[in-house]
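Colleague: In order, the protein sequences belong to chains A and B. With my numbering, the residue at position 534 of the first sequence is 554, and numbering never jumps. With my numbering, the residue at position 55 of the second sequence is 62, and numbering never jumps. Ideal Cβ placement from N, Cα and C applies to all residues, glycine included. Quick caveat, the model's predicted, so the values are computed rather than measured.
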Amino acid sequence: MILRMNKVRVLGPREQYPEALCVLQDTGVVHLTVPGLDGRLLPLRLSVWQERESGHLRRLLADVEVLLEALPTTGAGVGQAPRAGPPGGLPARRDLTRWARLVGGLRPEVLGLRGEMAILAEEHALLSKYGPFLSTFGVILRSERAWPHIAAYHVILPAQEESAVAGLKTALALVLGEGFALETRRLPGGDIALLMLVPEADALRVESLLAAAGVHEIPVPSGYEARSLAQALPRMMDRLESIPRELRVREKELERLTALYRDELCNARRGLHDRLRTLGAMPLLGATQRVFVIEGWVPVSENERLAESLATSLGGETALEVIDNHPRGEDVPVALRNPGFLRPFEIIVRLLPLPSYGTVDPTPLVAGFFPLFFGFMLGDVGYALVLAALALLLARRSIPGSLGRSVAAVAGTCAFWSLAFGVAFGEVFGNLGREHLGIHAVAFDREEALESLLLLAVAFGFVHILLGLALGVFTARRHPREAAGRALTAGIVVAGVVVLGAGAGFLPEIALLPAAGALVVALMALVAVEGVLAFVELLSAFGSILSYSRLMAIGTASMMLAVVANDLGSAVSVPVVGVLVAVLFHLVNFVLGVFSPTIHSLRLHYVEFFGKFYRSGGVPYRPFGHWDPGVGRT
Amino acid sequence: MELLAVTLGAALAVGLTALATGWAQSKIGAAGAATIAERPELTSTVIIMLAIPETMLILGFVVAVLILTRVG
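1) Considering Ala213 of chain A, what are the terminal residues of the alpha helix (DSSP H) in which it resides?
2) When the distance is taken between beta carbons, is Ala431 of chain A closer than 8 Å to Leu410 of chain A?
3) Quick check on the DSSP output: the beta strand (DSSP E) that includes Gly32 of chain A runs from which residue to which?
4) Between Val311 of chain A and the rest of its own chain, which residues show a CB-CB distance below 7 Å, the 5 nearest in sequence each way excluded?
5) Going by beta carbon distance, what residues of the same chain come within less than 7 Å of Gly99 of chain A, once the five residues before and after it are set aside?
6) Looking only at C-alpha atoms, which of A:Ser148, A:Thr433, A:Ile459 and A:Leu52 sits nearest to Ala444 of chain A?
7) Could you run through the stretch 32-45 of chain B and flag, in chain order, every residue whose CB is less than 7 Å away from some CB of chain A?
8) In three-state DSSP terms, what is Asp83 of chain A?
9) According to DSSP, what are the bridge partners of Leu304 of chain A?
10) What does the alpha-carbon distance come out to for the pair Ala27 of chain B and Arg297 of chain A?
11) Does any CB atom of chain E fall closer than 8 Å to the CB of Arg635 of chain A?
12) In whole angstroms, give me the CA-to-CA distance for Val540 of chain A and Ser564 of chain A.
13) Based on Cα-Cα distance, which residue from A:Leu215, A:Leu553 and A:Gly197 lies nearest to Glu203 of chain A?
14) Give the C-beta separation of Leu140 of chain A and Met256 of chain A to the nearest angstrom, bearing in mind that I take them to be a contact with Cβ-Cβ under 8 Å.
15) Could you name the residues that DSSP lists as bridge partners for Arg206 of chain A?
16) Only counting the same chain, and skipping five residues up and downstream in sequence, which positions put a Cβ closer than 6 Å to that of Ala20 of chain A?
17) If I follow the unbroken alpha helix (DSSP H) through His484 of chain A, where does it start and stop?
18) Put Trp647 of chain A into one of helix, strand or coil per three-state DSSP.
19) Do you know how far the Cα of Ala542 of chain A is from the Cα of Ser321 of chain A?
20) At least one CB of chain B closer than 8 Å to the CB of Tyr626 of chain A: is that the case?
21) Thinking just about the alpha-carbon of each residue, which of A:Ser155, A:Arg206 and A:Ala90 is nearest to the one in Ala138 of chain A?
22) For a cutoff of 8 Å on Cβ pairs, would you count Val517 of chain A as touching chain B?
23) Using a Cβ-Cβ distance cut-off of 8 Å, determine whether Leu66 of chain B contacts chain A.
24) Could you check the C-alpha separation between Val185 of chain A and Glu143 of chain A for me, to the nearest Å?
25) To be precise: take each residue of the stretch 557-585 of chain A, compare its Cβ to all Cβ atoms of chain B, and keep it if any distance is under 9 Å. Which residues remain?
26) Beta-carbon of Ala58 of chain B versus every beta-carbon of chain A: anything under 8 Å?
27) Ends of the alpha helix (DSSP H) at Glu315 of chain A?
28) Specify the secondary structure class of His620 of chain A as computed by DSSP and reduced to three states.
29) Shortest alpha-carbon distance to Phe482 of chain A belongs to which of A:Glu181, A:Gly424, A:Leu571 and A:Ala496?
30) Is the distance from the Cβ of Ser333 of chain A to the Cβ of Val43 of chain A below 8 Å?
31) Suppose the cutoff is 8 Å on Cβ atoms and the five residues either side in sequence are ignored; what does the same chain contact list for Glu529 of chain A look like?
32) What in chain B is Cβ-close to Glu471 of chain A, meaning under 7 Å?
33) Please name the residue, chosen from B:Leu11, B:Val21 and B:Gly39, that lies closest to Leu57 of chain B on a Cα-to-Cα basis.
34) Is the Cβ of His484 of chain A closer than 8 Å to any Cβ of chain B?
35) Can you give the Cα-Cα distance for Met21 of chain A and Val50 of chain A, rounded to whole angstroms?
36) Exposed or buried, which one is Asp258 of chain A when buried takes at least 16 other CB atoms within 10 Å?
Following this line, the structure appears as structure tokens:
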């Protein structure tokens, strides 16, 4: 449901406005608005000093965020989570000074450590590339000094250029005859390490040959300048071993800093956000020479608590008055509040803009119909159990109140209805249960009873759309002509369905004449109330009801795909392969069978159902309060 | 001859509506992809919009079922 709001005004002596703001922030229930200003009541602008303070706090906050990002979040050094709940009051000046000093001292140290670690990691990655070469040709390379007149060339070729080795051998044989040695080894990653030994006198010719072939020797990294890679490699490998030790030293230092300062930095972040919120709220206050005025929206249920908090903290000099207890209009903020078992379904409603204040929160109805439609379309015991298992897994891996937990709750309810309809249709992974487990349909066999299913789907649509039209009458209650039009449309839909039902023999024939009479009268009344264009709305209502036939169509398609999966599996002569084929097809069908009903159930709600009553455009209720790390909005 | 007409009628009911749905979805899909590139928060809305033309195909399927079960 949508929480009822009151518009309230807080009045008090001008010098008390900081304390009043503090109380409002601690209470966290007032959605601030700009008060009605006149010649005497002016907005409370920030002073030059406060503007400077705001800029300074923002820079300090940015530094705190950088430090929290740079300090490790796991490991022995991390302390307990920052204290829960509102800190109760804004940071004192001495806190701000302490945080500024802390950040000023910590920032260069932490960022310096992070910078050194980045350089070390980069160096380690570079040197690691030489490791395979050393391990492959280590013995030959170590004896290189024993060949005074031999030049060695070291190359790593990508795996896809393996064929170049043969070409290189041929070219070397042409130039040097038999006076060279060429060794190749495949490296673990697939690349090819290549070592060439040639007479020093022929080195220039070989280098030009390599250059012409586009083959480049492994460069010796900067800092290891030496005559050859063979001389540099041992030093590089020593360095490679020492880098992890150096990295560990820096990590330990960061963990030590985390243990010392992370909690304090978290408190600083919270305090700075709170102070910035207070400064940001000040232009929403009005003031004269002597008094301040704060206006805002408060849920009716929170009025008393707010009044008590103000009276306790500020005494009798500050007053709270309700200036509008029956608000209307688009500026009233909207807060949805539903019981715990319905709350997960708010994620479906929140995909659209919020409903306007004074209209209907459709969450309870969505909680009823969305899983029902989903279950009707999926309708398979096997798929329902898989979905339930996935929902359970997601519920265990998500924290309460998170999006994941809400999705898990919705999926669990959908799985329940899929199971119920699966039992009704007698389906376990399509016709598998019927053919091998002896299960039979309790209500309908979806392979055979297509017309019955179609009628049931349209009946769901009839109920849903009628409910939507009834809610439309409620939401249009302040516009009598519109409300009457919707009520008449609902009446025509009912009368029309009775006429069709009686005509087709589904309903007693005696109902035909009264229903037809009511239909004609209601049609004439509708034209009188809303004009000829009302027929468009009427046709749209009947079209919407027919649109629910998708419940049957998608369900049938899903069931047929499951049957095809079973048939394909049994058509394969090798049983193991047949099972694998069937499992693969069922997997694809399960993904489609979850995705498609979700989309179409959403569509039936958003387009057909909500279209009859839903008025979007509600302003989200954002009370002025303490910064919440979970929301992260300042 | 009658069987051919019934089968052809059912095939046309599904085939033509599938073509119409595909054409509409191609237009919506192209615009939707551009929308998501600029405003990823509208992804769910775009997916819903993309599902709207499927009504044609679904109604075509229903008509085909009726042709096959009633006439066939």
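Modeller: On the basis of the data shown:
1) Taking the first residue of the first sequence as 1, we reach residue 213 of chain A at position 193. Where Ala213 of chain A is concerned, there is no enclosing alpha helix (DSSP H), although the beta strand (DSSP E) it sits in stretches over Ile212 to Pro219.
2) Translated into positions along the first sequence, residue 410 of chain A becomes position 390. Translated into positions along the first sequence, residue 431 of chain A becomes position 411. Contact: yes.
3) Within the first sequence, residue 32 of chain A is the residue found at index 12, counting from 1. Per DSSP, Gly32 of chain A belongs to the beta strand (DSSP E) from Met25 to Pro33.
4) Counting from one through the first sequence, the residue named residue 311 of chain A turns up at place 291. Closer than 7 Å at the Cβ level, and outside the excluded window around Val311 of chain A, lie Leu31, Gly32, Pro33 and Arg34.
5) Taking the first residue of the first sequence as 1, we reach residue 99 of chain A at position 79. The pLDDT assigned to Gly99 of chain A is 43, lower than 50, so where the model puts this residue is not dependable; a value taken from the coordinates is nonetheless given after this. Once the five neighbours on either side are set aside, the close Cβ partners of Gly99 of chain A are Ala279, Arg282 and Asp283.
6) For the purposes of this step, residue 444 of chain A is identified with residue 424 of the first sequence, where counting begins at 1. With distances taken between Cα atoms, Ala444 of chain A lies closest to A:Ile459.
7) none
8) On the first sequence, residue 83 of chain A is found 63 positions in, with the first residue counted as 1. Asp83 of chain A: helix per DSSP, three-state reduction.
9) For the purposes of this step, residue 304 of chain A is identified with residue 284 of the first sequence, where counting begins at 1. Partner(s): none; Leu304 of chain A has no beta bridge.
10) Residue mapping note: residue 27 of chain B aligns to position 20 of the second sequence, counting from 1. Residue mapping note: residue 297 of chain A aligns to position 277 of the first sequence, counting from 1. Taking the straight line joining both Cα atoms gives about 53 Å.
11) Although the question refers to chain E, the structure presented lacks it and instead comprises the protein chains A and B.
12) Sequence index remark: in the first sequence, residue 540 of chain A carries index 520 (1-based). Sequence index remark: in the first sequence, residue 564 of chain A carries index 544 (1-based). Using only the alpha carbons, I get a separation of about 21 Å.
13) Translated into the one-based positions of the first sequence, residue 203 of chain A becomes position 183. Minimum Cα distance to Glu203 of chain A is reached at A:Leu215.
14) On the first sequence, residue 140 of chain A is found 120 positions in, with the first residue counted as 1. On the first sequence, residue 256 of chain A is found 236 positions in, with the first residue counted as 1. Not confirmed; about 14 Å, so no contact.
15) On the first sequence, position 186 is the one that residue 206 of chain A refers to. Paired residues: A:Ile212.
16) Chain A is shown from 21 up to 654; residue 20 of chain A falls before or after that span and cannot be answered.
17) Residue 484 of chain A sits at position 464 when you count from the first residue of the first sequence. Taken as a continuous stretch (DSSP letters only), the alpha helix (DSSP H) holding His484 of chain A covers Leu470 to Thr495.
18) On the first sequence, position 627 is the one that residue 647 of chain A refers to. Coil at Trp647 of chain A, not helix or strand.
19) Locating residue 321 of chain A in the first sequence gives position 301, counting from the first residue. Locating residue 542 of chain A in the first sequence gives position 522, counting from the first residue. So the alpha carbons of these two residues sit roughly 43 Å apart.
20) The sequence position of residue 626 of chain A within the first sequence is 606, counting from 1. It does: the Cβ of Tyr626 of chain A has a partner Cβ on chain B nearer than 8 Å.
21) Taking the first residue of the first sequence as 1, we reach residue 138 of chain A at position 118. Of the listed residues, the one whose Cα sits closest to Ala138 of chain A is A:Ala90.
22) Sequence index remark: in the first sequence, residue 517 of chain A carries index 497 (1-based). No, its Cβ sits nowhere closer than 8 Å to a Cβ of chain B.
23) Against the second sequence, residue 66 of chain B aligns to sequence position 59. Interface residue, yes.
24) Here residue 185 of chain A is taken as the residue at index 165 of the first sequence, counted from 1. Here residue 143 of chain A is taken as the residue at index 123 of the first sequence, counted from 1. Each residue's alpha carbon lies about 30 Å from the other.
25) Gly563, Leu566, Ser567, Ser569, Arg570, Met572, Ala573, Ile574, Thr576 and Ala577
26) For this step, residue 58 of chain B is matched to residue 51 along the second sequence. True, the Cβ-Cβ gap to chain A drops below 8 Å.
27) Counting from 1 along the first sequence, the entry for residue 315 of chain A is found at position 295. Element bounds for Glu315 of chain A: not the alpha helix (DSSP H) but the beta strand (DSSP E), Val311 to Pro319.
28) Translated into positions along the first sequence, residue 620 of chain A becomes position 600. Reduced to three states, the DSSP call for His620 of chain A is helix.
29) Sequence index remark: in the first sequence, residue 482 of chain A carries index 462 (1-based). For the residues A:Glu181, A:Gly424, A:Leu571 and A:Ala496, the minimum Cα distance to Phe482 of chain A belongs to A:Leu571.
30) Numbered from its first residue, the first sequence carries residue 333 of chain A at position 313. Numbered from its first residue, the first sequence carries residue 43 of chain A at position 23. Yes, the pair counts as a contact, with Cβ atoms nearer than the cut-off.
31) Mapped onto the first sequence, residue 529 of chain A falls at position 509. The answer, listed in chain order, is Ala522.
32) Taking the first residue of the first sequence as position 1, residue 471 of chain A is located at position 451. Correct list: Thr76.
33) Residue numbering aside, residue 57 of chain B sits at position 50 when the second sequence is read from its first letter. Here the closest residue by C-alpha is B:Gly39.
34) As a position in the first sequence, residue 484 of chain A is number 464, starting the count at 1. So no, His484 of chain A is outside the interface.
35) Locating residue 21 of chain A in the first sequence gives position 1, where the first residue counts as 1. Locating residue 50 of chain A in the first sequence gives position 30, where the first residue counts as 1. In a straight line, the C-alpha of Met21 of chain A is about 19 Å away from that of Val50 of chain A.
36) Position 238 of the first sequence holds residue 258 of chain A. Label assigned to Asp258 of chain A: exposed.
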